[in-house]
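See structure below.
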Amino acid sequence: MTLDEMNTRFRVIEDEWKIGSPSEQAEYLAELTAMRTELDGVTGAQASGALWLKRTIDRVIRNITAEQARV
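Here is the structure:
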């Protein structure tokens, strides 16, 4: 998946996770974790964009994890 594709998919997840069921949220977490791992391999001109997306993904992962702990 390209950085642009990951960014687009991330935006969808960012909008959808709040209304998702706990099982959907778990799927989003798995997908975000996989994206985060894939971003570790981005270098060169896209490295700064990848770093920004990793930090943003980390924030959403924390939010989903906190929400699941409340349920």
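Be aware that the sequence shown starts at 1, since it is given in full-length UniProt numbering, and climbs by one per residue.
Glycine residues also receive a C-beta, built at the ideal position from the N, C-alpha and C atoms.
Beta-carbon within less than 6 Å of residue i's beta-carbon, same chain only, minus the 5 sequence neighbours each way: which residues are those?
i   : result
W17 : Q25, Y28 and I64
V42 : A50
For residue i, is the classification buried or exposed, using 16 other Cβ atoms within 10 angstroms of its Cβ as the cut-off for buried?
i   : result
L51 : exposed
M1  : exposed
Tell me which residues share the same chain as residue i and place their Cβ nearer than 7 Å to its Cβ, disregarding the 5 neighbours each side in the sequence.
i   : result
G20 : Y28
K54 : R36 and L39
E14 : V60
Short of 8 Å in beta carbon distance, which residues of its chain neighbour residue i, apart from the five on each side in sequence? Order them along the chain.
i   : result
V71 : P22
Item to complete: Note down, one range per segment and in chain order, each beta strand (DSSP E) of at least 3 residues found wholly within the region 2-44.
Response: none
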